[in-house]
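*Asks:* Chain order of the listed sequences is F and R. Note that the numbering used here has the first sequence beginning at 407, numbered continuously upward. Note that the numbering used here has the second sequence beginning at 463, numbered continuously upward.
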Amino acid sequence: MWDYSEKVKEHFYNPKNAGAIADANGVGDVGSISCGDALRLTLKVDPETDIILDAGFQTFGCGSAIASSSALTEMVKGKTLDEALQISNQDIADFLDGLPPEKMHCSVMGREALQAAVANYRGEEWSDDHEEGALICKCFAIDDVMIRETIQANNLRTVEEVTNYTKAGGGCSSCHEGIENILTEELAARGETFVPAAAGKKKPAKKSGLVEIEEPAPAAASGGMTLVQRIRKIEEVLEALRPALKADHGDVELVDVEGKVVYVNLIGACSGCQMAAMTLGGIQQKLIEALGEFVKVIPASERPAVA
Amino acid sequence: MNDIYMDNNATTMVDPEVVTAMLPYFSEQFGNPSSLHSFGNKVGFALKNARKQVQNLLGAEHDSEIIFTSCGSESDSTAILSALKAQPERREIITTVVEHPAVLNLCEYLETEGYTVHRLEVDSKGRLDLEAYRKLLSDQVAVVSVMWANNETGTLFPVLEMAEMADEAGVLFHTDAVQAVGKIPMNLQDTSIHMLSLSGHKLHAPKGVGVLYLKRGTRFRPLLRGGHQERGRRAGTENTASIVGLGLACEQAMQHMEFENTQVKKLRDRLQQGILDAVPNAFVTGDPDNRLPNTLNVAFEYIEGEAILLLMNKMGIAASSGSACTSGSLEPSHVMKAMGIPYTAAHGTVRFSLSRYNTMEEVERVIEAVPPIVAKLRKLSPYWGDNGPVENPEQAFAPVYA
Numbered sequence: 407m408w409d410y411s412e413k414v415k416e417h418f419y420n421p422k423n424a425g426a427i428a429d430a431n432g433v434g435d436v437g438s439i440s441c442g443d444a445l446r447l448t449l450k451v452d453p454e455t456d457i458i459l460d461a462g463f464q465t466f467g468c469g470s471a472i473a474s475s476s477a478l479t480e481m482v483k484g485k486t487l488d489e490a491l492q493i494s495n496q497d498i499a500d501f502l503d504g505l506p507p508e509k510m511h512c513s514v515m516g517r518e519a520l521q522a523a524v525a526n527y528r529g530e531e532w533s534d535d536h537e538e539g540a541l542i543c544k545c546f547a548i549d550d551v552m553i554r555e556t557i558q559a560n561n562l563r564t565v566e567e568v569t570n571y572t573k574a575g576g577g578c579s580s581c582h583e584g585i586e587n588i589l590t591e592e593l594a595a596r597g598e599t600f601v602p603a604a605a606g607k608k609k610p611a612k613k614s615g616l617v618e619i620e621e622p623a624p625a626a627a628s629g630g631m632t633l634v635q636r637i638r639k640i641e642e643v644l645e646a647l648r649p650a651l652k653a654d655h656g657d658v659e660l661v662d663v664e665g666k667v668v669y670v671n672l673i674g675a676c677s678g679c680q681m682a683a684m685t686l687g688g689i690q691q692k693l694i695e696a697l698g699e700f701v702k703v704i705p706a707s708e709r710p711a712v713a
Numbered sequence: 463m464n465d466i467y468m469d470n471n472a473t474t475m476v477d478p479e480v481v482t483a484m485l486p487y488f489s490e491q492f493g494n495p496s497s498l499h500s501f502g503n504k505v506g507f508a509l510k511n512a513r514k515q516v517q518n519l520l521g522a523e524h525d526s527e528i529i530f531t532s533c534g535s536e537s538d539s540t541a542i543l544s545a546l547k548a549q550p551e552r553r554e555i556i557t558t559v560v561e562h563p564a565v566l567n568l569c570e571y572l573e574t575e576g577y578t579v580h581r582l583e584v585d586s587k588g589r590l591d592l593e594a595y596r597k598l599l600s601d602q603v604a605v606v607s608v609m610w611a612n613n614e615t616g617t618l619f620p621v622l623e624m625a626e627m628a629d630e631a632g633v634l635f636h637t638d639a640v641q642a643v644g645k646i647p648m649n650l651q652d653t654s655i656h657m658l659s660l661s662g663h664k665l666h667a668p669k670g671v672g673v674l675y676l677k678r679g680t681r682f683r684p685l686l687r688g689g690h691q692e693r694g695r696r697a698g699t700e701n702t703a704s705i706v707g708l709g710l711a712c713e714q715a716m717q718h719m720e721f722e723n724t725q726v727k728k729l730r731d732r733l734q735q736g737i738l739d740a741v742p743n744a745f746v747t748g749d750p751d752n753r754l755p756n757t758l759n760v761a762f763e764y765i766e767g768e769a770i771l772l773l774m775n776k777m778g779i780a781a782s783s784g785s786a787c788t789s790g791s792l793e794p795s796h797v798m799k800a801m802g803i804p805y806t807a808a809h810g811t812v813r814f815s816l817s818r819y820n821t822m823e824e825v826e827r828v829i830e831a832v833p834p835i836v837a838k839l840r841k842l843s844p845y846w847g848d849n850g851p852v853e854n855p856e857q858a859f860a861p862v863y864a
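1. List, in chain order, every chain R residue whose beta-carbon is nearer than 7 Å to that of S440/F.
2. Which class does S600/R belong to by DSSP, given the choice of helix, strand or coil?
3. Quick one: which chain R residues come within Cβ less than 8 Å of G665/F?
4. List the DSSP bridge partners of F600/F.
5. Strictly under 9 Å for the Cβ-Cβ distance: is P421/F near chain R by that measure?
6. Answer yes if the segment 470-490 of chain R comes into contact with the segment 661-670 of chain R, meaning at least three C-beta pairs across the two stretches below 8 Å, and no otherwise.
7. Could you give the residue range of the alpha helix (DSSP H) that holds V671/R?
8. Apart from the five residues just before and just after L546/R, which ones in its own chain have a Cβ nearer than 6 Å to its Cβ?
9. Would you mind sorting G576/R into buried or exposed? The rule is 16 or more other CB atoms within 10 Å of its CB.
10. What residue range is occupied by the uninterrupted alpha helix (DSSP H) comprising G674/F?
11. Within 9 Å of any Cβ in chain R, is that where the Cβ of L593/F sits?
12. Which residues in chain F sit within 9 Å of E583/R, going by Cβ to Cβ distance?
13. Would you please verify whether the beta carbon of S532/R is less than 9 Å from any beta carbon of chain F?
14. Just to confirm, are A808/R and M468/R a CB contact at a threshold of 9 Å?
15. Going along chain R in order, which residues have a C-beta closer than 8 Å to the C-beta of D435/F?
16. Cα separation between L686/R and C712/R?
17. Which same chain residues end up closer than 6 Å to K413/F when comparing Cβ atoms and leaving out the 5 residues on each side of it in sequence?
18. Where does E699/F sit, in a helix, a strand or coil, going by DSSP?
19. For I765/R, go through chain F and note every residue whose CB falls closer than 8 Å to its CB, in chain order.
20. I need the DSSP call for H690/R, collapsed to helix, strand or coil.
21. At 9 Å on the CB atoms, spell out the chain C contacts of E573/R, in chain order.
22. Can you tell me which of the three DSSP states N759/R falls into?
23. Just how far apart, CA to CA, sit F501/R and I528/R?
24. Just to confirm, are A461/F and T479/F a CB contact at a threshold of 9 Å?
25. Could you tell me whether the Cβ atoms of V568/F and G577/F are closer together than 9 Å?
26. Since H666/R meets chain F, which of its residues come closer than 8 Å, beta carbon to beta carbon?
27. Pick out whichever of L593/F, K652/F, I694/F has its Cα sitting closest to the Cα of I637/F.
28. Cα separation between A540/F and E508/F?
29. Counting Cβ pairs closer than 8 Å, one from the segment 754-766 of chain R and one from the segment 834-848 of chain R, do we hit at least three?
30. Any idea what DSSP makes of P705/F, helix, strand or coil?
31. Using a Cβ-Cβ distance under 9 Å, would H690/R count as near chain F?
32. Tell me the residue span of the alpha helix (DSSP H) that contains E642/F.
33. Considering only residues of the same chain and omitting the five flanking positions on each side of R840/R, which have a CB-CB separation below 8 Å?
34. Answer yes or no: does any C-beta atom of chain R fall closer than 9 Å to that of G425/F?
35. With V559/R and D638/R assumed to form a contact (beta carbons below 8 Å), what rounded beta-carbon distance in angstroms separates them?
36. For the candidate residues D452/F, G674/F, E583/F, I557/F, whose alpha-carbon lies nearest to that of T572/F?
Here it is as structure tokens:
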């Protein structure tokens with residue numbers, strides 16, 4: 407069984423705004439019947455103000471698809487179209503106090519239904535810009551298509567590079583076989599051979615000419631931050647994330663910063679939670695954005711013992 | 463009210479008598495059966511007894527044909543890999559598109575190792591074409607692996623006939639019978655089946671114990687080499703308590719065989735009729751005339767299975783589904799796909815699998831509970847109108863792939 411939040415269950419058992427709006431003037435149909443999730447979003451928009459007066463959904467799908475649809479309709483009502491379009495899939499997931507990684511696509515479907523309905527209202531063509539593949543990395547919810555596209559765009563050759571670019575494989579590492587299989591195929595397609603890293607070796611020699619995420623160009627925002635400035639920035643980011651964690655009865659504390667490694671403690675409900683890797687991944691992403699440099703977020707419990 | 467468990471093809475409750483029989487083997491009877499002293503010796507006798515009990519249920523000719531393993535998957539892997547190892551010149555495998563992942567994923571992996579895998583297709587009721595099968599049998603084939611009963615639909619395959627055909631062609635025949643053992647009678651000594659897998663936890667024994675039946679004289683190469691346990695065919699100290707439990711569970715299954723095929727079947731048939739009478743746009747998948755007595759798989763059109771299961775779970779009813787969402791994959795069950803069930807129905811399949819512990823009162827409660835759940839979800843479905851499916855559902859709602 408999935409580990410659904412109380413909020414997801416609430417919106418699934420008692421969905422809000424179920425059914426089509428009779429006098430809708432914007433309709434968005436998205437989803438894939440082969441995957442088992444599809445959604446029709448109907449909007450009633452005030453032509454004078456562009457405010458969404460009412461929203462309704464019809465969903466063929468699982469518990470989290472229905473909950474995401476219900477959440478979406480609650481979130482958009484009363485907003486202007488432009489405000490509503492600011493809603494990201496993460497916002498939908500956050501509204502529901504999080505979704506399991508395998509179910510994040512339900513929130514993506516919600517956002518896309520909104521885009522499609524708005525386009526329909528405005529008389530625009532809307533085409534889906536992403537394709538979804540089989541889930542490879544469960545820790546960070548990265549799928550096959552995303553990994554292949556990143557490998558192709560950046561000429562990646564190793565599992566480690568794939569992890570640096572997409573985060574896939576950066577958690578429990580049990581998907582490395584899957585990533586190796588993708589690399590084997592993608593490298594064969596461009597006439598190369600996949601060479602796995604030797605067991606126990608620390609790191610393969612770095613290839614020149616590749617963009618290295620670990621060594622960002624100095625142009626990145628961080629530039630010459632002092633250690634104190636960096637720690638303050640990190641604290642700021644953690645502070646901003648705290649309310650979301652507290653909503654789940656958890657918390658995070660900064661333990662230490664060593665070069666590019668940020669050690670944190672997940673406290674309360676977060677510790678031992680199955681979603682801990684996901685949470686750490688989210689924190690890492692926010693820190694990378696704020697600091698403008700690549701950092702790794704690691705639980706303090708996994709810190710190597712100091713000699 | 464107690465919760466209702468109708469997911470016995472997933473796993474079963476360990477029978478309380480089985481638990482009682484196992485307990486001494488954790489404490490006073492802790493000895494290693496390979497030891498000479500009395501601590502081990504008694505345990506050795508208990509294993510011997512369990513082996514006899516399994517032999518009886520399977521109708522095996524010799525008790526030495528029973529090899530204890532850790533699970534059904536281990537038995538499947540051992541059988542298939544043994545056949546390949548023992549006959550390195552044969553590079554082909556015949557199986558079906560509807561096998562359990564324990565066989566399918568192994569075969570898929572073996573393809574990357576250069577083996578050719580023939581997957582027999584099924585028709586809309588999940589039945590095989592035996593003529594197509596006959597044409598594939600050759601001296602290139604190392605092993606045929608075909609399940610006895612399908613875990614999702616309960617559909618039975620004609621394994622006795624297929625084993626005969628393989629034997630005549632000089633090909634080894636393995637059957638994954640984890641769903642069939644204990645539910646339908648069998649007498650392996652009268653068959654041409656060379657290898658058979660069973661799993662303890664499907665028949666009221668604990669998880670973590672299985673059996674590979676290996677007909678005497680069948681060429682064999684062990685998967686696990688090491689100690690001399692199981693006559694050198696499966697190394698590793700025996701899981702004594704669980705083996706004792708499995709033995710007793712087999713004896714009980716033998717005693718309940720008639721009950722399973724009359725009383726449990728009656729419960730299943732009532733459940734089927736009750737649900738189909740009350741729910742429109744629902745149908746039974748698989749071959750209703752040729753299936754396990756305990757299994758009912760119903761497709762509820764235009765809604766999704768995980769949502770059904772969650773609402774049933776809220777009512778205290780446990781079953782399972784072939785929808786993509788319940789497994790975290792992108793496609794509905796490969797069994798439903800193979801039978802050509804449309805996506806709008808395949809995602810809405812629900813499997814009810816009963817056991818001798820279910821009662822008619824429980825069946826009636828499920829018949830009461832299911833129709834409102836289906837109706838509630840259909841009210842949310844873009845395919846469903848006020849009183850039935852919308853006209854031309856596939857055209858009325860054709861979403862952009864997202």
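For each residue, glycine too, the CB sits at the ideal point set by N, CA and C. Small disclaimer: the values here were computed from a predicted structure and weren't measured.
*Replies:* Result, derived from the coordinates:
1. Those are E793, Y805, listed as they occur along chain R.
2. Secondary structure of S600/R (DSSP, three-state): coil.
3. Ordered by position in chain R, no residue passes the 8 Å Cβ test against G665/F, which lies about 36 Å from the chain.
4. BP columns for F600/F are empty, so no partner.
5. Under the Cβ distance rule, P421/F counts among the residues neighbouring chain R, one pair being separated by less than 9 Å.
6. Because the criterion of three Cβ pairs below 8 Å is met, the segment 661-670 of chain R and the segment 470-490 of chain R touch.
7. It is not in any alpha helix (DSSP H) - V671/R carries neither H nor E in the DSSP assignment.
8. Closer than 6 Å at the Cβ level, and outside the excluded window around L546/R, lie A604.
9. It counts as exposed.
10. DSSP places G674/F outside any alpha helix (DSSP H); the residue lies instead in the beta strand (DSSP E), whose first and last residues are 667-674.
11. L593/F is outside the set of residues whose beta carbon lies under 9 Å from a beta carbon in chain R.
12. Annotation: E583/R has no Cβ neighbours in chain F at a cutoff of 9 Å; minimum Cβ distance is about 19 Å.
13. For S532/R, not one C-beta of chain F is nearer than 9 Å to its own C-beta.
14. Using a Cβ distance threshold of 9 Å, A808/R and M468/R do not count as a contacting pair.
15. What D435/F touches in chain R: P844, F859, A860, P861, V862.
16. Distance between the alpha carbons of L686/R and C712/R is about 25 Å.
17. Here the set comprises L502, D503.
18. Looking at E699/F - three-state DSSP - the assignment turns out to be coil, as it is neither helix nor strand.
19. The contacting residues are F466.
20. Residue state, collapsed to three classes: coil.
21. This model lacks chain C altogether; the protein chains it does include are F and R.
22. Three-state result, N759/R: strand.
23. Going by the C-alpha atoms only, they are around 24 Å apart.
24. Yes, these two residues count as a Cβ contact at 9 Å.
25. No, these two residues do not count as a Cβ contact at 9 Å.
26. Going along chain F, no residue has its Cβ under 8 Å from H666/R, so there is no contact; the nearest lies around 23 Å.
27. Of the candidates L593/F, K652/F, I694/F, the one whose C-alpha sits nearest the C-alpha of I637/F is I694/F.
28. When the Cα atoms are used, A540/F and E508/F turn out to be separated by approximately 10 Å.
29. In short, these stretches touch, since the Cβ pair count reaches three.
30. Looking at P705/F - three-state DSSP - the assignment turns out to be strand.
31. Not flagged as an interface residue toward chain F: H690/R, since no C-beta distance is shorter than 9 Å.
32. 633-653 is the span of the alpha helix (DSSP H), which, as asked, contains E642/F.
33. Here the set comprises Y764, I765, W846.
34. Answer yes: the Cβ-Cβ gap between G425/F and chain R drops below 9 Å somewhere.
35. Between V559/R and D638/R a beta carbon distance of about 14 Å is seen, past the 8 Å cut, so the two are scored as non-contacting.
36. With distances taken between Cα atoms, T572/F lies closest to I557/F.
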